[in-house]
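Counting in full-length UniProt numbering, the sequence shown runs from 1 upward without gaps.
To keep things clear, I will list the structure first and then write my remarks on it.
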Amino acid sequence: MSTINSVMQETRVFPPSAETVARATISGMAAYEALCKEAEADYSGYWARLAREHVSWKKPFTQSLDESEAPFYHWFADGTLNVSYNCLDRNLENGNADKVAIIFEADDGKASKTTYRELHAMVCKFANGLKARGIGKGDRVVIYMPMSVEGVAAMQACARIGATHSVVFGGFSAKSLQERISDAGAVAVITADEQCRGGKSLGLKSVVDEALGMGGCESIHTMVVYRRTGAAIAMQEGRDIYLDELIAKQPAECEPEWVGAEHPLFLLYTSGSTGKPKGVQHSSGGYLLHAILTMKWTFDIQPQDTFWCTADIGWVTGHTYIAYGPLACGATQIVFEGVPTYPDAGRFWQTIEAHKVSVFYTAPTAIRALIKASEVDPKVAPRNYKLDSLRLLGSVGEPINPEAWMWYYEQIGGSRCPIMDTFWQTETGGHMITPLPGVTPLVPGSCTLPFPGIQAAIVDETGHDVEWGKGGFLVVKKPWPSMIRNIYGDPERFKKSYYPDDLGGRLYLAGDGAMRDAKTGNFTIMGRIDDVLNVSGHRMGTMEIESALVANPLVAEAAVVGRPDELTGEAICAFVVLKQARPSGDAAKAMTKALQDWVAKEIGPIAKPKDIRFGDNLPKTRSGKIMRRLLRALAKGEEITQDVSTLENPAILEQLRHSA
Ligand code: ATP
Ligand code: MG
């Protein structure tokens, strides 16, 4: 019962090209191994060296890792810095003042550019404006903004004055927003009149008003409103102020608030795919260090690059790889307001072509959706676009099925661009297990090896190491600089969730099942621990069966869950989205049989789904992750009593309930 069995074999390997190796900062496996050895020999010293080299400190730290309050770890605690200084002022001093920091690609296709000098001035005015409203160090500020330069500036302005921001994704409901404002005890909300998505404008300020009207948000004294569309909205005298008015008379210089390295830069609530969202609290110094290091090592970011991370600033990916990492490295990046399917499903490819994007970072859910779209409408297929500016691709958010990986590699990357399949979490702050472009032979569906210094491992339920080739719980054996510091206001939940006593209390439990390849040691994420299937005593992750289904040319997406079964303990139930229209009646029966046979042939009879249900889509979080806990309830025929407030498309539950 202690291990998870692997049922699939991946044999394709893509070693780094000579060109990539030559260009990369970390060049060759020997360089990678040397870093790992350095970390092993002197763990605390390794991170201290990097923190001195990559972060600008106001007052240098004298201590590195402090374990005296474990598992509440501290890093570089007696050093002081300002994250916004590192992202902006440093670029003005380094000769990047007139370099484009952000290319803003609006929903309607208009593009505009903001240089580092301009962004610095905007952030300073914003910061001064917030200070004029009495907001300062230690206050929590909720940001409920569309994807915009102003959204990034709002985060940077908070960082500049030492206020802790909590960004809430603009697609969340008033109720979700109210819960987060209340949990954080925020003093201010920064929002916009409206947001533009897919050719439509949607109210944002009105949602904040509704949230505040629900009660429990009495701590809010200020609401700043960015005019995105200029729509007429209700403003409450004394509390609400337009951004342009807030900053109108403010100077374009603002002395940064120098904070301790452990000062909370932000809170961010997790996406909620496994339960009630947790207010993940991050530090300033350690977090910034990892944002910078991963930009430099994983993406090998260099001055001539144009970087594009398609995440929203409402997710951690949009924090580390939009609001902080690229700026701290002086990169030029795209900030994209729209959606991948507007005006059509070629939008990503058209945008890459228009701005000559060289590094592109997106999620498997988007890739799968665009594969389906390009088969339905060949006009939006990537081959119709000029994508030769690309040199590196990235994936994050879910395991990427090997067939989706291959499509991404061939169709988008022209079989030329390495794919960084980056495993990490809101809690980890940045990449944990990922290839490095100049180092790692790539294997589709595997996130390969730990980032240098990260002590990732696989253990059984008693916390003992599991041998390579066998599945188990993914853990991190040592604290690392960008790790979660606490669950806001709930240290007990922090300990229970991440440092459970069953594992001895000193291993960080990621919550995912994983295994290491018996020969290479490459990691493969097999799915959430909560989702592991147990069929006739075989414990299997969801990922492999889903990948086998997605490997069928007719299947666009699949999610697999277990339901109780008298004979086998648990039976596999698959929810499938086809590239063609959803079948019913006899056609559905025939398709079910064909897919059962397919899985039996691909991985073996043990993995064959007992039931298959067809839907137009799957229940997903707003960040695009499949919510298997809801599918589990459907598979059992249960009423859904769980929290569905973070669901993207609640109507799909009804369709899937009736598709049995
Ligand atoms: P909650 O914790 O509330 O359930 P969440 O885990 O979906 O939400 P995130 O922190 O955004 O919130 O997601 C981290 C999770 O996403 C990981 O634990 C893992 O399950 C999955 N994940 C992220 N990147 C990858 C990847 N490259 N390969 C496989 N899984 C990934
Ligand atoms: Mg999680």
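Just so it is clear, CB atoms sit at the ideal spot from N, CA and C, and this is done for glycine as well.
query	result
Is it true that the CB of V224 sits closer than 8 Å to the CB of A188?	yes
Please confirm whether P364 and S374 have their CB atoms less than 8 Å apart.	no
Out of curiosity, what's the CA-to-CA distance linking D344 and A261?	45 Å
What does DSSP give as the partner residues of T80 in its beta bridges?	K59, G260
CA-CA distance, W47 and I135?	33 Å
Using alpha carbons as the reference points, say which of R539, M483, V207 lies closest to V561.	R539
Round the Cβ separation of K625 and E398 to the nearest angstrom and send it over; I've been treating them as touching at under 8 Å.	6 Å
I need the DSSP call for F169, collapsed to helix, strand or coil.	coil
Measuring CB atoms only, is the region 466-473 touching the region 59-72, in the sense that at least three cross pairs come out at less than 8 Å?	no
Do you know whose CA, among A121, A184, S206, L212, lies nearest D193's CA?	S206
Do I412 and E105 have their beta-carbon atoms positioned less than 8 Å apart in this structure?	no
With respect to 7 Å, is the separation between the Cβ of T646 and the closest non-hydrogen atom of the ligand MG below this value?	no
Cβ of L246 within 8 Å of Cβ of G129?	yes
Among residues of its own chain, excluding the 5 on either side of T270, which ones have a beta-carbon nearer than 7 Å to its beta-carbon?	P277, K278, V280, T426
Under 8 Å between the Cβ atoms of L265 and T428?	no
Identify, in the order they occur along the chain, each residue of the same chain with its Cβ nearer than 6 Å to the Cβ of M155, setting aside the five sequence neighbours on each side.	H165, A323
Assuming contact is defined by CB atoms lying nearer than 8 Å, are I26 and G438 in contact in what I supplied?	yes
Put Q195 into one of helix, strand or coil per three-state DSSP.	strand
Using 8 Å as the threshold, is the region 630-643 in touch with the region 611-621, meaning 3 or more CB pairs across them?	yes
Check the DSSP bridge columns for C309 and list the partner residues they point to.	Y361
Rounded to the nearest angstrom, what separates M1 and D460 at their Cα positions?	Unreliable positioning characterises M1 in this predicted model, as indicated by a pLDDT of 35, which lies under 50. A coordinate reading is not provided.
Are the CB atoms of S395 and S358 within a distance shorter than 8 Å?	no
Do you know offhand how far residue 668's Cα is from D42's?	Nothing about residue 668 can be read from this structure; the chain reaches only from 1 to 660.
By how many angstroms is the C-alpha of R90 removed from the C-alpha of I400?	36 Å
Are T542 and G527 close, meaning C-beta to C-beta below 8 Å?	yes
Among Y73, A157, Y144, A186, which has the Cα closest to the Cα of F169?	Y144
On the DSSP bridge assignment, give the partners of H538 in chain order.	V535
Measuring from the CB of V396, is there a heavy atom of the ligand ATP at a distance below 7 Å?	yes
Quick check on the burial criterion: 16 or more other C-beta atoms within 10 angstroms. Buried or exposed for G138?	exposed
Based on the DSSP secondary-structure assignment, which residues constitute the bridge partners of Q281?	L267, N486
Would you report the Cα separation of R180 and E255, rounded to the nearest angstrom?	30 Å
For K200, write down the residues that DSSP places opposite it in a beta bridge.	R197
Check G394 in the structure and name its three-state DSSP category.	strand
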